[in-house]
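First the structure, in the form of structure tokens, and then the observations on it.
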Amino acid sequence: MQKLVARVGTFKQPYSRLFYTSSVLFKSEPIRYDDLGQRSIEDYPELIIGWSSSTDTLNTRTFVENGKFVDFLTKTLKENIHKVNDTNLKAMADWQKEGWMHIGDERDPPAWGRINFPEDIVGSVQLVNGIIQEGTYQPMPAHRLISGKGIFQLSEPLTRCVISAAKAKVSQ
458 MQKLVARVGT FKQPYSRLFY TSSVLFKSEP IRYDDLGQRS IEDYPELIIG WSSSTDTLNT
518 RTFVENGKFV DFLTKTLKEN IHKVNDTNLK AMADWQKEGW MHIGDERDPP AWGRINFPED
578 IVGSVQLVNG IIQEGTYQPM PAHRLISGKG IFQLSEPLTR CVISAAKAKV SQ
């Protein structure tokens with residue numbers, strides 16, 4: 458297994474859309490730098506999506522995803538996805554009724570009735586009688602935070618859930 462090795466200083470730019478006010482990823486109420494008080498973004502490594510050597514463009518060649526953010530995202534979704542009031546997710550669950558339902562990344566939505574590409578599936582949840590079961594969220598190992606279609610995007614309700622968890626982390 459190969460390790461990604463970067464010289465110190467190669468990936469200087471921490472990339473966190475959690476802290477951008479004009480964000481594609483987190484469109485509603487992102488955390489602002491003022492919310493950090495005396496601390497810096499580096500004090501919250503789990504809120505940094507990843508690092509890029511480029512400040513102009515973000516692509517798969519210049520971006521290294523942060524495993525701590527992926528763990529934070531997974532934990533947040535696992536603990537909350539069954540409670541989130543996402544009408545599209547609930548409608549899909551009600552339609553499918555049973556089994557495992559994929560949670561699609563919204564950066565590249567598939568045609569109606571089709572399944573996202575593996576890199577665009579955030580994770581899956583188990584359904585019983587059209588209801589998402591608590592604690593069943595499983596992340597998709599093939600999901601990429603950055604792909605040729607851009608940075609990942611959650612639905613607005615899931616976005617608010619992740620932002621709330623991030624704000625709670627910052628206020629601790």
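Per this note's numbering, residue 458 is the first one in the sequence shown, and the count goes up by one each step.
Cβ coordinates follow ideal geometry from the N, Cα and C atoms, glycine included.
Predicted model, so just to flag it, every value in this text is computed and none were measured.
Residue i burial status per 10 Å Cβ neighbour count (16 or more: buried)
{"i": "valine 619", "result": "buried"}
{"i": "glycine 507", "result": "buried"}
{"i": "alanine 550", "result": "buried"}
{"i": "glutamine 459", "result": "With a pLDDT of 34 at glutamine 459, under the threshold of 50, the predicted position of this residue should be treated as unreliable, and no value is reported."}
{"i": "glycine 561", "result": "buried"}
{"i": "asparagine 573", "result": "buried"}
Candidates the options: closest to residue i by CA position
{"i": "aspartate 565", "options": "Ala548, Ala599, Lys525 and Phe609", "result": "Phe609"}
{"i": "isoleucine 588", "options": "Ala568, Pro614, Leu546 and Thr616", "result": "Leu546"}
{"i": "lysine 525", "options": "Leu611, Lys535 and Glu503", "result": "Glu503"}
{"i": "tyrosine 594", "options": "Ser621, Val541 and Ala568", "result": "Val541"}
{"i": "leucine 584", "options": "Lys554, Val627 and Asn537", "result": "Lys554"}
{"i": "serine 621", "options": "Pro567, Val582 and Thr533", "result": "Thr533"}
{"i": "glycine 570", "options": "Trp552, Gly556, Val582 and Ser509", "result": "Trp552"}
{"i": "glycine 556", "options": "Gln590, Asn573, Pro596 and Glu536", "result": "Gln590"}
{"i": "proline 598", "options": "Thr616, Ile572, Asp528 and Thr514", "result": "Asp528"}
Beta-carbon gap between residue i and residue j smaller than 9 Å
{"i": "histidine 539", "j": "glycine 592", "result": "yes"}
{"i": "glutamate 563", "j": "leucine 530", "result": "no"}
{"i": "isoleucine 505", "j": "asparagine 523", "result": "yes"}
{"i": "proline 614", "j": "aspartate 500", "result": "no"}
heavy atom of the ligand SAM below 8 Å from residue i C-beta
{"i": "histidine 600", "result": "No copy of the ligand SAM occurs in the structure displayed, which carries no ligand at all."}
Q.
Using a Cβ distance threshold of 8 Å, determine whether the region 597-606 contacts the region 571-579, with at least three qualifying pairs required.
A. Yes, they touch.
Q | Minimum length 4: unbroken alpha helix (DSSP H) runs contained in the region 491-575 | A | You should have 524-537 and 544-553.
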